[in-house]
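Chemist: With positions in the sequence shown counted from 1, the corresponding number in my numbering is that position plus 7.
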Amino acid sequence: MMKCSLSRTKLFRGARSQQGFTFAEVLAALVFMAILLPVVMQGLMLANRASVIAERKRTAVHLGNSLLTELVATDQWQYAGSSGNFSPTHEQYEWQLVQAGWPLDDMEQLTLIVSYPVQGQRHQINLTTLVADDSL
(Lines of atoms letter the chains of each structure in order from A and count residues from 1; the text may use other names and numbers.)
(Lines give C-alpha, C1' and ligand atoms only; values in the text may rest on other atoms or scores of the structure.)
Protein backbone atom coordinates (compact mmCIF):
# COMPACT_ATOMS: atom_id res chain seq x y z
CA MET A 1 0.00 0.00 0.00
CA MET A 2 1.27 3.43 -0.90
CA LYS A 3 1.45 6.05 1.77
CA CYS A 4 0.54 9.58 0.77
CA SER A 5 1.51 12.41 3.01
CA LEU A 6 1.15 16.08 2.25
CA SER A 7 2.63 18.78 4.34
CA ARG A 8 0.55 21.59 5.73
CA THR A 9 2.11 24.19 3.40
CA LYS A 10 1.32 22.14 0.32
CA LEU A 11 -2.30 21.86 1.37
CA PHE A 12 -2.49 25.60 2.03
CA ARG A 13 -0.93 26.49 -1.34
CA GLY A 14 -3.30 24.16 -3.17
CA ALA A 15 -6.30 25.75 -1.51
CA ARG A 16 -4.96 29.25 -2.18
CA SER A 17 -4.54 28.58 -5.92
CA GLN A 18 -8.20 27.48 -6.18
CA GLN A 19 -9.68 30.72 -4.79
CA GLY A 20 -10.30 32.59 -8.09
CA PHE A 21 -9.54 36.00 -9.54
CA THR A 22 -8.66 39.08 -7.58
CA PHE A 23 -10.65 42.29 -7.87
CA ALA A 24 -7.81 43.93 -9.82
CA GLU A 25 -7.80 41.10 -12.38
CA VAL A 26 -11.57 41.32 -12.87
CA LEU A 27 -11.40 45.10 -13.17
CA ALA A 28 -8.58 44.87 -15.73
CA ALA A 29 -10.60 42.36 -17.78
CA LEU A 30 -13.66 44.65 -17.73
CA VAL A 31 -11.62 47.67 -18.82
CA PHE A 32 -10.07 45.61 -21.61
CA MET A 33 -13.52 44.51 -22.80
CA ALA A 34 -14.86 48.08 -22.58
CA ILE A 35 -12.08 49.22 -24.90
CA LEU A 36 -12.18 46.25 -27.26
CA LEU A 37 -15.94 45.74 -27.68
CA PRO A 38 -16.75 49.02 -29.52
CA VAL A 39 -13.87 48.44 -31.94
CA VAL A 40 -15.03 44.90 -32.69
CA MET A 41 -18.63 46.05 -33.17
CA GLN A 42 -17.52 48.81 -35.55
CA GLY A 43 -15.57 46.25 -37.57
CA LEU A 44 -18.57 43.92 -37.75
CA MET A 45 -20.86 46.76 -38.86
CA LEU A 46 -18.38 47.78 -41.56
CA ALA A 47 -18.10 44.20 -42.82
CA ASN A 48 -21.89 43.86 -42.87
CA ARG A 49 -22.29 47.10 -44.82
CA ALA A 50 -19.66 46.00 -47.36
CA SER A 51 -21.41 42.67 -47.89
CA VAL A 52 -24.82 44.36 -48.33
CA ILE A 53 -23.35 46.83 -50.85
CA ALA A 54 -21.73 43.99 -52.81
CA GLU A 55 -24.93 41.92 -52.86
CA ARG A 56 -27.10 44.86 -53.94
CA LYS A 57 -24.57 45.93 -56.56
CA ARG A 58 -24.55 42.41 -58.01
CA THR A 59 -28.36 42.49 -58.19
CA ALA A 60 -28.31 45.95 -59.80
CA VAL A 61 -25.83 44.82 -62.46
CA HIS A 62 -27.90 41.72 -63.21
CA LEU A 63 -31.17 43.68 -63.48
CA GLY A 64 -29.59 46.48 -65.51
CA ASN A 65 -27.84 44.12 -67.90
CA SER A 66 -31.05 42.20 -68.52
CA LEU A 67 -33.01 45.40 -69.20
CA LEU A 68 -30.34 46.94 -71.43
CA THR A 69 -30.02 43.72 -73.43
CA GLU A 70 -33.80 43.60 -73.88
CA LEU A 71 -34.02 47.26 -74.92
CA VAL A 72 -31.23 46.85 -77.50
CA ALA A 73 -32.38 43.48 -78.87
CA THR A 74 -35.95 44.67 -79.44
CA ASP A 75 -35.08 48.27 -80.48
CA GLN A 76 -37.29 49.50 -77.65
CA TRP A 77 -34.56 51.93 -76.60
CA GLN A 78 -35.87 54.25 -79.32
CA TYR A 79 -39.42 54.25 -77.93
CA ALA A 80 -39.19 53.18 -74.31
CA GLY A 81 -39.74 55.55 -71.40
CA SER A 82 -36.51 56.94 -70.08
CA SER A 83 -36.93 55.80 -66.46
CA GLY A 84 -38.71 53.35 -64.20
CA ASN A 85 -38.18 50.68 -61.60
CA PHE A 86 -37.92 46.91 -61.61
CA SER A 87 -41.33 46.26 -60.09
CA PRO A 88 -42.86 44.13 -58.72
CA THR A 89 -39.89 42.09 -57.50
CA HIS A 90 -37.25 44.81 -57.06
CA GLU A 91 -39.13 48.09 -56.61
CA GLN A 92 -36.28 49.72 -54.69
CA TYR A 93 -34.06 49.44 -57.79
CA GLU A 94 -34.71 52.36 -60.14
CA TRP A 95 -33.35 52.86 -63.65
CA GLN A 96 -32.87 55.72 -66.06
CA LEU A 97 -31.87 55.46 -69.72
CA VAL A 98 -29.66 58.24 -71.07
CA GLN A 99 -29.01 58.55 -74.81
CA ALA A 100 -26.13 60.47 -76.31
CA GLY A 101 -24.83 60.79 -79.83
CA TRP A 102 -21.58 59.07 -80.71
CA PRO A 103 -19.14 61.21 -82.72
CA LEU A 104 -18.00 58.38 -85.00
CA ASP A 105 -20.27 56.62 -87.46
CA ASP A 106 -24.03 56.53 -87.00
CA MET A 107 -23.97 55.23 -83.46
CA GLU A 108 -25.86 56.08 -80.33
CA GLN A 109 -24.46 55.66 -76.82
CA LEU A 110 -26.94 54.23 -74.33
CA THR A 111 -26.22 54.47 -70.62
CA LEU A 112 -28.51 52.71 -68.19
CA ILE A 113 -28.16 54.11 -64.67
CA VAL A 114 -29.43 51.77 -61.95
CA SER A 115 -29.75 53.21 -58.45
CA TYR A 116 -30.43 51.28 -55.26
CA PRO A 117 -30.53 51.99 -51.51
CA VAL A 118 -28.06 50.69 -48.93
CA GLN A 119 -28.69 51.62 -45.30
CA GLY A 120 -30.32 54.94 -46.13
CA GLN A 121 -27.92 56.00 -48.90
CA ARG A 122 -28.46 55.76 -52.66
CA HIS A 123 -25.80 54.05 -54.75
CA GLN A 124 -25.72 53.69 -58.52
CA ILE A 125 -24.05 51.81 -61.31
CA ASN A 126 -23.78 52.77 -64.99
CA LEU A 127 -24.06 50.27 -67.83
CA THR A 128 -23.11 51.65 -71.25
CA THR A 129 -23.30 50.26 -74.77
CA LEU A 130 -23.28 51.47 -78.37
CA VAL A 131 -26.08 50.81 -80.84
CA ALA A 132 -26.49 51.54 -84.52
CA ASP A 133 -28.83 54.46 -85.04
CA ASP A 134 -30.88 53.44 -88.08
CA SER A 135 -33.01 56.59 -87.99
CA LEU A 136 -30.12 58.81 -89.17
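Note that beta-carbon positions come from the ideal geometry of N, C-alpha and C, so glycine has one too.
1) Can you check which of these residues, Gln-99, Ala-80, Thr-76, Leu-43, is closest to Trp-64 by C-alpha distance?
2) Grab me the residues of Trp-84's own chain with a C-beta within less than 6 Å of its C-beta, minus the 5 sequence neighbours each way, in chain order.
3) Excluding the 5 residues preceding and the 5 following Asp-140 in the sequence, name in chain order all residues of the same chain whose CB lies nearer than 7 Å to its CB.
4) Does the ligand FMN have a heavy atom nearer than 7 Å to the CB of Leu-34?
5) What residues are listed by DSSP as bridge partners for Leu-43?
6) Closest to His-91 by C-alpha separation, out of Pro-110, His-130, Asp-82, Leu-104, would be which residue?
7) What separation, rounded to the nearest whole angstrom, lies between the Cα atoms of Thr-81 and Pro-110?
8) So, for Val-59: in the same chain, excluding its five sequence neighbours on each side, which residues have a beta-carbon less than 8 Å away from its beta-carbon?
9) Taking just the CA atoms, how far does Gln-26 sit from Met-40?
10) Taking just the CA atoms, how far does Phe-28 sit from Met-48?
Modeler: Answer, in terms of the structure:
1) Locating residue 64 in the sequence shown gives position 57, where the first residue counts as 1. The sequence given here places Lys at residue 64; Trp does not occur at that position. For Lys-64, the nearest C-alpha among the options comes from Gln-99.
2) Stepping through the sequence shown from its first residue, residue 84 is reached at position 77. If we look at Trp-84 and ignore the five residues flanking it on each side, its Cβ neighbours are Leu-78, Leu-117.
3) Locating residue 140 in the sequence shown gives position 133, counting from the first residue. Within the same chain, Asp-140 has close Cβ partners Asp-113, Met-114, Glu-115.
4) Among the components of this structure there are no ligands whatsoever, and the ligand FMN is therefore not found.
5) The residue you call residue 43 lines up with position 36 of the sequence shown. According to DSSP, which records beta bridges pairwise, Leu-43 is partnered with nothing at all.
6) On the sequence shown, position 84 is the one that residue 91 refers to. At residue 91 the sequence reads Gly, which differs from the His that was named. It is Leu-104 whose Cα lies nearest to the Cα of Gly-91.
7) Here residue 81 corresponds to residue number 74 of the sequence shown, with the count starting at 1. Here residue 110 corresponds to residue number 103 of the sequence shown, with the count starting at 1. Pro-110 has its alpha-carbon roughly 24 Å from the corresponding atom of Thr-81.
8) The residue you call residue 59 lines up with position 52 of the sequence shown. Beyond the five residues adjoining it in sequence on each side, Val-59 comes within less than 8 Å, by CB distance, of Val-125, Gln-126 in the same chain, given in chain order.
9) On the sequence shown, position 33 is the one that residue 40 refers to. On the sequence shown, position 19 is the one that residue 26 refers to. Between the C-alpha atoms of Met-40 and Gln-26 there is a straight-line separation of about 23 Å.
10) Mapped onto the sequence shown, residue 48 falls at position 41. Mapped onto the sequence shown, residue 28 falls at position 21. Those two C-alpha atoms are separated by around 27 Å.
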